[in-house]
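Asker:
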Amino acid sequence: MKQEKSKQLFNEAKRYIVGGVDSPVRSFGAVGGNPLFIESGSGSYITDSDGNSYIDYVCSWGPLILGHRDKDVVNAIRLVLEKRGTSFGAPTDLETELAKIISESEGAAEKIRFVNSGTEATMSAIRVARGVTGRDKIVKFNGCYHGHSDSLLVSAGSGAMTTGVPNSPGVPASLASDTIVLEYNDAEAVEECFKKYGDQIACVIVEPIAANMGLVMPKNGFLQAIRENTEKYGALFIDDEVLVGFRTCYGTAISRMNIAPDIICYGKVIGGGMPVAAYAGKSIYMNKVSPEGPIYQAGTLSGNPLGMAAGIATLKKLKKTNPYNRFEQMSKTLCKRLQESAASANIPIDAPHIGSIFAVFFSDKRIENFSDVKNSDKERFVRYFRFMLDRGIYLAPSPFEVSFLSTKHTDEQILRTIKIFNDFLDNEAAEKAPA
Ligand SMILES: *Cc1c(COP(=O)(O)O)cnc(C)c1O
170 MKQEKSKQLF NEAKRYIVGG VDSPVRSFGA VGGNPLFIES GSGSYITDSD
220 GNSYIDYVCS WGPLILGHRD KDVVNAIRLV LEKRGTSFGA PTDLETELAK
270 IISESEGAAE KIRFVNSGTE ATMSAIRVAR GVTGRDKIVK FNGCYHGHSD
320 SLLVSAGSGA MTTGVPNSPG VPASLASDTI VLEYNDAEAV EECFKKYGDQ
370 IACVIVEPIA ANMGLVMPKN GFLQAIRENT EKYGALFIDD EVLVGFRTCY
420 GTAISRMNIA PDIICYGKVI GGGMPVAAYA GKSIYMNKVS PEGPIYQAGT
470 LSGNPLGMAA GIATLKKLKK TNPYNRFEQM SKTLCKRLQE SAASANIPID
520 APHIGSIFAV FFSDKRIENF SDVKNSDKER FVRYFRFMLD RGIYLAPSPF
570 EVSFLSTKHT DEQILRTIKI FNDFLDNEAA EKAPA
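If you read the sequence shown in the working numbering, its first letter stands for residue 170, the second for the next number, and so on.
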């Protein structure tokens, strides 16, 4: 496929924008080559600047669950734009409307505060946990991503259960040392950690389904261990639903596991493609936030009417149309067929899925944590990504990222994707065969 224009635009962008992109994964660093510059999107398709069109399984990294330019979302935004305005820095009824919709979908979301990004939501939630408990330490899990705030850009130190080390220059070591990093799905480590540091821990933050290291389901007992220990030691349970919220079911993924978190972080889907995120939780904690309480957090554009309108239109449509069974059916068909083809081609993959989220790992073992992901065959992933892209399938450009369905994806597109994947397998086999 001709991608000359994208190449040219990328070179131009690199002169003025760091790395040519405003978020690193967009640069295609993990898969090589040039990123596509996108001209437009429509439903489940995107078109690049060279005029090529692709089935889009990235969906802006999750938010576009209704696809590109859904007519109800566009109309809602247009109405606000034409009749009201872009921002007032004063409250509007739209904020209450979206807050009510979210609160009605999740019992633990008694009170809400809107912010502009998932990073802000998790950062603020942690501040609340520290403010409420008067403690400094937080616990996170290896391979879970919670945005780029200082306390969360931390990796595990060497040796089990040491305090964290900065995972980016610019993160103070003193701050990182207050972050404890454990392995995802290790309930025993959670228990041990609380035995050792229980009276110093403000909160545990976790993705209830880990979707930033491919897609890793919580094992039975893992989230329960977090809930039990936080409760026992007086720490808060922060449920980061920025990615999975409203993606696997209407509302939070954790509600279907019968666990009540203390604070929930939302983002992506709740803004319907606009920069909207939120943190929410039980009133006893949220009422500690300014102006009700002393914990400070603010935002010039927070709750702006364009974002609220897009979010309201998106969540209302999800509630009304309930696409979740269909998503489950589609992702199941896709992953089952990919898995079967790969097995018969003797190319082992793990293709997990839930609701509208799926991932492909080139691995002969079931992926359960970050080390498993790191051990998957990343060279083969790169070949897979490029093969699919050249045939009009736009997947997440990294072996650590999941792909997404929207309500606009069709069964025909799923079949086409399977067919192209089979061609990829044939191609891999042919490369391996002696000449
Ligand atoms: C995307 C994401 C974030 C960060 O959200 P941004 O809007 O990119 O700042 C936080 N947590 C999870 C689980 C995410 O997937």
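Virtual Cβ for every residue (Gly too), placed ideally from N, Cα, C.
Note down the Cα distance separating Tyr-435 from Ala-342, rounded to an integer number of angstroms.
Answerer: Along the sequence shown, read from residue 1 onward, the residue named residue 435 stands at position 266. Along the sequence shown, read from residue 1 onward, the residue named residue 342 stands at position 173. So the two alpha carbons sit approximately 28 angstroms from each other.
Asker: Using the Cβ count rule (16 or more neighbours within 10 Å means buried), how would you classify Ser-500?
Answerer: Taking the first residue of the sequence shown as 1, we reach residue 500 at position 331. By the 10 Å Cβ count, Ser-500 comes out buried.
Asker: Using three-state DSSP, classify Asn-494 as helix, strand or coil.
Answerer: To locate residue 494, count along the sequence shown from 1; it is residue 325. The answer is helix: DSSP assigns Asn-494 an H, G or I state.
Asker: Quick one, which of Ser-575, Val-194, Asn-591, Ser-513 has its alpha-carbon nearest Arg-560's?
Answerer: For the purposes of this step, residue 560 is identified with residue 391 of the sequence shown, where counting begins at 1. The shortest Cα separation from Arg-560 among Ser-575, Val-194, Asn-591, Ser-513 belongs to Asn-591.
Asker: Identify whether Asp-546 lies in helix, strand or coil by the three-state DSSP scheme.
Answerer: What you label residue 546 is simply residue 377 of the sequence shown in a count that begins at 1. If DSSP states are grouped into helix, strand and coil, Asp-546 belongs with coil.
Asker: So what's Tyr-185 in DSSP terms, helix, strand or just coil?
Answerer: Here the question's residue 185 lines up with position 16 in the sequence shown. Of the three classes helix, strand and coil, the one that applies to Tyr-185 here is helix, per DSSP.
Asker: So Ile-583 and Thr-502 are supposed to be a Cβ contact under 8 angstroms. How far apart are they, rounded?
Answerer: Counting from one through the sequence shown, the residue named residue 583 turns up at place 414. Counting from one through the sequence shown, the residue named residue 502 turns up at place 333. Going by Cβ atoms, the distance from Ile-583 to Thr-502 rounds to 6 angstroms, so yes, they are a contact pair.
Asker: Does the stretch 207-221 come into contact with the stretch 453-463, if we say contact requires no fewer than three beta-carbon pairs (one atom in each stretch) closer than 8 angstroms?
Answerer: These segments do not touch.
Asker: Pick from Asn-354, Gly-212, Asp-225, Ile-224: whose alpha carbon is nearest that of His-237?
Answerer: Within the sequence shown, numbered from 1, the residue matching residue 237 stands at position 68. Selected option, being the one with the closest Cα: Gly-212.
Asker: For Gly-143, which residues from the same chain have a beta carbon less than 7 angstroms from its beta carbon, with the 5 sequence-adjacent residues on both sides left out?
Answerer: There is no way to answer for residue 143, as the model of the chain reaches only from 170 to 604.
Asker: Please determine, among Val-542, Ile-395, Tyr-366, Ser-346, the residue with the shortest C-alpha to C-alpha distance to Glu-357.
Answerer: In the sequence shown, counting from the first residue as 1, residue 357 sits at position 188. Per the Cα distances, Ile-395.
Asker: Using only the alpha-carbon positions, how far apart do Glu-360 and Tyr-185 sit?
Answerer: As a first step, residue 360 must be located in the sequence shown, where it is residue number 191. As a first step, residue 185 must be located in the sequence shown, where it is residue number 16. So the alpha carbons of these two residues sit roughly 49 angstroms apart.
Asker: For Ala-514 and Glu-600, what's the separation of their Cα atoms in angstroms?
Answerer: As a position in the sequence shown, residue 514 is number 345, starting the count at 1. As a position in the sequence shown, residue 600 is number 431, starting the count at 1. Answer to the nearest angstrom: the Cα atoms are 13 angstroms apart.
Asker: In this structure, does DSSP put Ser-272 in helix, strand or coil?
Answerer: Numbered from 1 along the sequence shown, position 103 holds the residue referred to as residue 272. The answer is helix: DSSP assigns Ser-272 an H, G or I state.
Asker: Under 8 angstroms: do the stretch 377-396 and the stretch 309-320 share three or more Cβ pairs, one atom per stretch?
Answerer: With the cut-off at 8 angstroms, the stretch 377-396 and the stretch 309-320 touch.
Asker: Considering only the beta carbon of each residue, do Lys-451 and Glu-279 sit closer than 8 angstroms?
Answerer: Along the sequence shown, read from residue 1 onward, the residue named residue 451 stands at position 282. Along the sequence shown, read from residue 1 onward, the residue named residue 279 stands at position 110. Contact: yes.
Asker: First and last residue of the beta strand (DSSP E) that includes Cys-362?
Answerer: Indexing the sequence shown from 1 puts residue 362 at position 193. Unbroken run through Cys-362 is the alpha helix (DSSP H), 356-366; no beta strand (DSSP E).
Asker: For Asn-596, is the classification buried or exposed, using 16 other Cβ atoms within 10 angstroms of its Cβ as the cut-off for buried?
Answerer: Position 427 of the sequence shown holds residue 596. With fewer than 16 other Cβ atoms within 10 Å, it is exposed.
Asker: Would you kindly check if the distance between the Cβ of Ile-516 and the Cβ of Leu-564 is under 8 angstroms?
Answerer: Here residue 564 is taken as the residue at index 395 of the sequence shown, counted from 1. Here residue 516 is taken as the residue at index 347 of the sequence shown, counted from 1. Going by C-beta atoms, Leu-564 is not nearer than 8 angstroms to Ile-516.
Asker: Exposed or buried, Ala-512, counting other C-beta atoms within 10 Å across all chains shown (16 or more means buried)?
Answerer: On the sequence shown, residue 512 is found 343 positions in, with the first residue counted as 1. So Ala-512 counts as exposed.
Asker: Where do the N-terminal and C-terminal ends of the alpha helix (DSSP H) with Asn-596 fall, by residue?
Answerer: Counting from 1 along the sequence shown, the entry for residue 596 is found at position 427. First-last of the alpha helix (DSSP H) with Asn-596: 580-601.
Asker: Return yes when at least one heavy atom of ligand 1 lies under 7 angstroms from the C-beta of Ala-446, else no.
Answerer: In the sequence shown, residue 446 corresponds to position 277, counting from 1. It does: the Cβ of Ala-446 is within 7 angstroms (strictly closer) of some heavy atom of ligand 1.
Asker: Does the separation of the CB atoms of Ala-482 and Ala-245 fall below 8 angstroms?
Answerer: For this step, residue 482 is matched to residue 313 along the sequence shown. For this step, residue 245 is matched to residue 76 along the sequence shown. Result yes, Cβ atoms of Ala-482 and Ala-245 sit closer than 8 angstroms.
Asker: Could you give the DSSP three-state label for Asp-239: helix, strand or coil?
Answerer: On the sequence shown, position 70 is the one that residue 239 refers to. Asp-239: coil per DSSP, three-state reduction.
Asker: Please go through the stretch 496-579 and give each complete alpha helix (DSSP H) segment of 4 or more residues, from N-terminal end onward.
Answerer: Runs found: 539-543, 547-559.
Asker: Tell me the start and end of each unbroken alpha helix (DSSP H) in the stretch 192-273 that is at least 4 residues and wholly inside, in chain order.
Answerer: Here the runs fully enclosed are 240-252.
Asker: Does the Cβ of Ser-337 have 16 or more other Cβ atoms within 10 Å, making it buried, or fewer, making it exposed?
Answerer: Taking the first residue of the sequence shown as 1, we reach residue 337 at position 168. So Ser-337 counts as exposed.
Asker: Would you kindly work out how many angstroms separate the C-alpha atoms of Ser-256 and Pro-474, rounded to a whole number?
Answerer: Walking along the sequence shown from the start, residue 256 turns up at place 87. Walking along the sequence shown from the start, residue 474 turns up at place 305. The straight-line gap from Cα to Cα measures roughly 6 angstroms.
Asker: Across the stretch 409-425 and the stretch 521-533, are there enough close Cβ pairs to call them in contact, namely three or more that are closer than 8 angstroms?
Answerer: Touching, yes.
Asker: Go to Ile-295, then tell me how far its alpha helix (DSSP H) extends in each direction, as first and last residue.
Answerer: For the purposes of this step, residue 295 is taken as residue 126 along the sequence shown, with counting starting at 1. That run of the alpha helix (DSSP H) goes 287-302.
Asker: Can you tell me the Cβ-Cβ gap for Val-308 and Val-373, rounded? I've got them flagged as a contact below 8 angstroms.
Answerer: In the sequence shown, counting from the first residue as 1, residue 308 sits at position 139. In the sequence shown, counting from the first residue as 1, residue 373 sits at position 204. Correct: roughly 4 angstroms between the Cβ atoms.
Asker: Distance check for Phe-406 and Glu-273, CA to CA, integer angstroms please.
Answerer: Taking the sequence shown and counting its residues from 1, the one referred to as residue 273 is at position 104. Taking the sequence shown and counting its residues from 1, the one referred to as residue 406 is at position 237. Each residue's alpha carbon lies about 20 angstroms from the other.
Asker: Here's the rule: buried if 16 or more other CB atoms are within 10 angstroms of the residue's CB, otherwise exposed. What is Asn-285?
Answerer: Position 116 of the sequence shown, counted from the start, is the residue given in the question as residue 285. It is buried - the Cβ of Asn-285 has at least 16 other Cβ atoms within 10 Å.
Asker: Does the distance between the C-beta of Thr-348 and the nearest non-hydrogen atom of ligand 1 fall short of 7 angstroms?
Answerer: Translated into positions along the sequence shown, residue 348 becomes position 179. False, no ligand heavy atom lies under 7 angstroms from that Cβ.
Asker: Do Ile-562 and Ile-536 come within 8 angstroms of each other at the CB atom, strictly closer than that value?
Answerer: What you label residue 536 is simply residue 367 of the sequence shown in a count that begins at 1. What you label residue 562 is simply residue 393 of the sequence shown in a count that begins at 1. Result no, Cβ atoms of Ile-536 and Ile-562 do not sit closer than 8 angstroms.
Asker: Can you round the beta-carbon distance between Val-242 and Ala-479 to whole angstroms, since I take them to be within the 8 angstroms contact cut?
Answerer: Within the sequence shown, the letter at position 73 stands for residue 242. Within the sequence shown, the letter at position 310 stands for residue 479. At roughly 5 angstroms, the Cβ-Cβ gap stays under 8 angstroms, so Val-242 and Ala-479 are in contact.
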